[in-house]
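Visitor: Take a look at this one; I'll ask things after.
There are 2 protein chains.
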Amino acid sequence: MRARGGWRIIRGVQCLAVISMENLTPEAMEQVAAYFRALSEPTRLAILNLLREGERNVGELAQLCSCSPANVSRHLSLLSQHGLVRREGRGTAVYYRIADDSVYALCDLVCGNIARRYQRSQPFPGV
Amino acid sequence: MRARGGWRIIRGVQCLAVISMENLTPEAMEQVAAYFRALSEPTRLAILNLLREGERNVGELAQLCSCSPANVSRHLSLLSQHGLVRREGRGTAVYYRIADDSVYALCDLVCGNIARRYQRSQPFPGV
DNA sequence: GCATTATTTGCGTGATTGGTTAATTAGTCA
DNA sequence: TGACTAATTAACCAATCACGCAAATAATGC
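Okay, structure coming up:
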């Protein structure tokens with residue numbers, strides 16, 4: 009992967025900014041696709057949404073999104089594999105928290121795209 | 009739907025993030041998931057990448073990404089359904105172009121997330 | 001109309017995925 | 001150690017998906 013723009017300073021923070029998807033190898037492209045795939049499931053989006061306010065354990069998340077603990081655990085495992093959430097066992101429970109806030113920026117960006125798209129024809133469904 | 013935030017800079021990418029994913033109905037959440045699903049396939053990402061430089065017809069895209077025209081046509085149909093590309097027939101050919109440049113901001117943002125993740129452990133695969 | 005080229009669509013197939021249930025593992029406390 | 005709770009994993013099923021192939025559709029020129 010070529011870092012176009014490379015490292016730059018944004019508001020005093022050194023960031024690896026403006027990486028482009030161009031000229032990626034097939035393996036890297038698959039990584040990007042897999043990242044999007046992790047976000048392509050309503051239940052996983054709901055879980056990420058629930059973690060906005062802070063950490064939660066598996067049982068809490070299962071109750072809040074009306075899923076079985078087994079199901080939630082698997083979703084969390086997948087999210088963890090892609091670095092979206094961080095795992096921390098405390099006692100018999102396992103707490104999960106967001107690993108990178110930029111996920112919300114991504115989701116909100118997509119929300120905006122969809123909303124703008126619907127504003128040209130019909131209102132955004134379920135607003 | 010509440011408009012909040014407006015333009016913001018996320019890791020060097022200017023984004024119109026007016027909308028938040030919070031408090032979405034299940035149907036709206038499914039829309040967001042479907043949008044991500046459209047981006048969760050390497051071939052579709054490759055097609056979007058090829059359209060960076062301008063419009064292309066189905067045959068050209070098929071040749072450039074080593075896929076069958078039928079396959080490419082199907083991918084384009086799906087991308088079109090989600091408002092990612094725009095269709096325009098000219099002669100017997102059908103040309104597609106990017107409908108919204110913000111897709112690239114999304115993809116590049118994800119590239120950055122993955123690259124940062126790998127920098128902590130191993131180099132990004134396929135650099 | 002007929003032939004040609006480009007695109008789309010119908011259908012079958014193998015692979016992947018989300019969900020459920022049950023078994024297993026991990027941690028705590030008596 | 002044994003009982004108990006929470007989380008993970010395995011096995012399985014149903015649904016979805018990407019792809020290949022072939023048929024159908026659309027647009028152009030003879």
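Chains as they are written, first to last, in this note's numbering: chain F, 9 to 135; chain E, 9 to 135. Glycine is no exception: its CB is placed at the ideal position from the N, C-alpha and C atoms.
From LEU58/F, TYR43/F, LEU32/F, pick the residue whose C-alpha is nearest to that of LEU32/E; which is it?
Guide: When each option's Cα is compared against that of LEU32/E, the closest is LEU58/F.
Visitor: Let me confirm a value: ARG98/E is counted as buried when at least 16 other C-beta atoms fall within 10 Å, else exposed. Which label applies?
Guide: So ARG98/E counts as exposed.
Visitor: If you measure from the beta carbon of GLN71/E to each beta carbon in chain F, is any gap under 8 angstroms?
Guide: False, the Cβ-Cβ gap to chain F never drops below 8 angstroms.
Visitor: Buried or exposed for ALA36/E, going by 16 or more other Cβ atoms inside 10 Å?
Guide: Burial call: buried.
Visitor: ARG105/E by DSSP, collapsed to three states: which one?
Guide: Note: ARG105/E maps to strand in three-state DSSP.
Visitor: What would DSSP say about ASN121/E, mapped onto helix, strand or coil?
Guide: ASN121/E falls in the helix class under three-state DSSP.
Visitor: What residues in the stretch 52-72 of chain E bring their beta carbon closer than 9 angstroms to a beta carbon of chain F?
Guide: Answer set for the stretch 52-72 of chain E: ARG52, LEU53, ALA54, LEU56, ASN57, ARG60.
Visitor: Drop a sphere of 10 angstroms on the beta-carbon of ASN121/F, count the other beta-carbons inside from all chains shown, and report buried for 16 or more, exposed for fewer.
Guide: That one is buried.
Visitor: Using Cβ-Cβ distances below 7 angstroms, what residues of the stretch 38-51 of chain E are close to chain F?
Guide: Against chain F - using a Cβ distance shorter than 7 angstroms - the residues of the stretch 38-51 of chain E are GLU38, GLN39, VAL40, ALA41, TYR43, PHE44, ARG45, LEU47, SER48, GLU49, PRO50.
Visitor: Using a Cβ distance threshold of 8 angstroms, determine whether the stretch 101-112 of chain F contacts the stretch 102-113 of chain E, with at least three qualifying pairs required.
Guide: Too few Cβ pairs lie closer than 8 angstroms, so no.
Visitor: Which first and last residues belong to the alpha helix (DSSP H) in which ARG45/E is found?
Guide: Here the alpha helix (DSSP H) through ARG45/E covers 34-46.
Visitor: Would you kindly work out how many angstroms separate the C-alpha atoms of ARG94/F and ARG128/E, rounded to a whole number?
Guide: Distance between the alpha carbons of ARG94/F and ARG128/E: 15 angstroms.
Visitor: Taking only beta-carbon positions, decide if VAL80/E is within less than 8 angstroms of chain F.
Guide: For VAL80/E, the answer is no, since every Cβ of chain F falls outside 8 angstroms of its Cβ.
Visitor: In the structure shown, what three-state DSSP assignment does GLY97/E receive?
Guide: The answer is strand: DSSP assigns GLY97/E an E or B state.
Visitor: Less than 8 angstroms between the beta carbons of PRO34/E and PRO34/F, yes or no?
Guide: No, the Cβ-Cβ distance between PRO34/E and PRO34/F is not below 8 angstroms.
Visitor: Here's a check: name, in chain order, each residue in its chain whose Cβ is nearer than 6 angstroms to the Cβ of ALA54/E, leaving out the five neighbours to either side.
Guide: Same-chain partners within the cutoff: CYS73.
Visitor: Is there a Cβ from chain F that is less than 8 angstroms from the Cβ of ASP109/E?
Guide: By this cut-off, ASP109/E is not an interface position.
Visitor: Only counting the same chain, and skipping five residues up and downstream in sequence, which positions put a Cβ closer than 8 angstroms to that of GLY40/E?
Guide: For the sequence presented, residue 40/E should be read as Val rather than Gly. Closer than 8 angstroms at the Cβ level, and outside the excluded window around VAL40/E, lie MET29, LEU32.
Visitor: Label ALA78/F either buried or exposed according to how many other C-beta atoms from any shown protein chain fall within 10 Å of its C-beta, with 16 as the threshold for buried.
Guide: Exposed is the call here.
Visitor: If LEU84/E and VAL66/E are in contact, beta carbons under 8 angstroms, what's the gap, nearest whole angstrom?
Guide: Going by Cβ atoms, the distance from LEU84/E to VAL66/E rounds to 7 angstroms, so yes, they are a contact pair.
Visitor: Going by the CB atoms, is the gap between ARG45/F and SER48/E shorter than 8 angstroms?
Guide: Taking 8 angstroms as the Cβ cut-off, SER48/E and ARG45/F qualify as a contacting pair.
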